[in-house]
Amino acid sequence: MPLSKEGPYIQAACFCEMVIEDKAGVLSLLRIIDTLTHSEAGPTPPDEMAAFGYTLKLVLMLKSGAARGRFNLKIVPELPNGTTQPPTLVTVHFEGEEKGQNIVADMNFIFTLEGLYWFNVFLDETKLTSIPLRVKYNRVVIGTTEQRPMTP
């Protein structure tokens, strides 16, 4: 069945640091994140942000609506410079009405640039949504390497 205005619907789409799922399958999302600040501290931290890795939980909560059957879910990261990274692919199954699918995925991502990243979510070839994540660089100079003469 092709996607339509009748579903599937997005109940939630975000990044967080931790997800707890109870025995009934109910999710609790902890520390929902839309901005990461990477800090480098020392006497001579780099002027530009060095690449760093970070693990986040990607949470997509989808409800079927009129959608039924198997679909391919694709998440395509888009860097601040507009280039895209290889997608993450997941198969989802919809049974109709209020039934849905919760996708919780560990995203181990290497951030190479400051700026706004978009994680574009497609179901088959139809774009469902985009999840923004801003990366900031915080340079902290501590102390100095210069020796200053002592005054009498």
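To convert, note that position 120 of the sequence shown is 120 in the working numbering; the numbers rise steadily by one, no gaps.
Every residue gets a Cβ at the ideal spot worked out from N, C-alpha and C, and that includes glycine.
Just so we're clear, the structure is a prediction, and the values are computed from it rather than from any experiment.
| said: Relative to the C-alpha of Pro77, which candidate in Ile32, Arg134, Pro8 and Arg139 has its C-alpha closest? | reply: Ranked by Cα distance from Pro77, the first of Ile32, Arg134, Pro8 and Arg139 is Arg134.
| said: Let me confirm a value: Ser28 is counted as buried when at least 16 other C-beta atoms fall within 10 Å, else exposed. Which label applies? | reply: Result: exposed.
| task | Buried or exposed for Lys57, please, with buried defined as at least 16 other CB atoms from any protein chain shown within 10 angstroms of its CB. | result | Lys57 should be labelled buried.
| query | For the region 69-86 against the region 120-129, are there 3 or more C-beta pairs whose distance is under 8 Å? | reply | The answer is yes - the region 120-129 touches the region 69-86, with three or more Cβ pairs under 8 Å.
| For Lys108, which residues of its own chain have a beta-carbon under 7 Å away from its beta-carbon, when the five flanking residues on both sides are left out? | A quick correction: the sequence has Asn, not Lys, at residue 108. Residues Gly53 and Thr55 of the same chain have their beta carbon placed closer than 7 Å to that of Asn108, with the five preceding and five following residues left out of the count.
| query | Between which two residues does the beta strand (DSSP E) carrying Glu84 extend? | reply | For clarity, residue 84 is Thr in the given sequence; the question names Glu instead. No beta strand (DSSP E) contains Thr84, which DSSP labels as neither H nor E.
| Rounded separation between Thr44 and Ala13 - CA only | Thr44 and Ala13: Cα-Cα distance of roughly 39 Å.
| query | Apart from the five residues just before and just after Asp47, which ones in its own chain have a Cβ nearer than 8 Å to its Cβ? | reply | Hits under 8 Å: Arg139.
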